[in-house]
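Note that the working numbering gives residue 1381 to position 39 of the sequence shown, counting from 1, and the numbers run on in steps of one. What follows is a set of notes on a single structure, which appears directly below.
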Amino acid sequence: MEMYVALFLFISSLILIFSQKSHFLSVLLILELMTLSVFIMCVFSVGIGGGLSSVSFCLVFLVLGVYEAANGLGLLVSRTRSSGLDSLKSLFSLNF
């Protein structure tokens, strides 16, 4: 049951990320939802029958998720300081 919830979260985050066109912070939050859903799937697959290597993979994946969030927030702050905008429309211009 929990795997279905995590799979639903992952699919809904994919749909949301392709439909998001306004703010960079919203995309970062959706990426965090995607990371959380994959982590939940990883944890419940360890409960099904994983060993120590599966637990260490889950911890490494969680560390990479934190690293991704920190880099995303750093990019958001840098972009907002340089241009004053956090919209995705201005992100894909040649002025970055």
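Just so it is clear, CB atoms sit at the ideal spot from N, CA and C, and this is done for glycine as well. Predicted model, so just to flag it, every value in this text is computed and none were measured.
| Asked | Found |
| --- | --- |
| Take Leu1373 and list the residues in its own chain whose beta-carbon comes closer than 6 angstroms to its own, dropping the five residues that flank it on each side. | none |
| Hey, is the region 1392-1405 in contact with the region 1358-1375, meaning 3+ C-beta pairs nearer than 8 angstroms? | no |
| Please report the straight-line C-alpha distance between Lys1431 and Leu1415, rounded to a whole angstrom. | 18 angstroms |
| Look at the alpha carbon of Leu1404 and the alpha carbon of Leu1394, and state the distance between them as a whole number of angstroms. | 15 angstroms |
| Comparing alpha-carbon positions, which option in Asp1428, Phe1352 and Val1347 lies nearest Thr1377? | Phe1352 |
| Helix, strand or coil: how does DSSP classify Ser1364 here? | coil |
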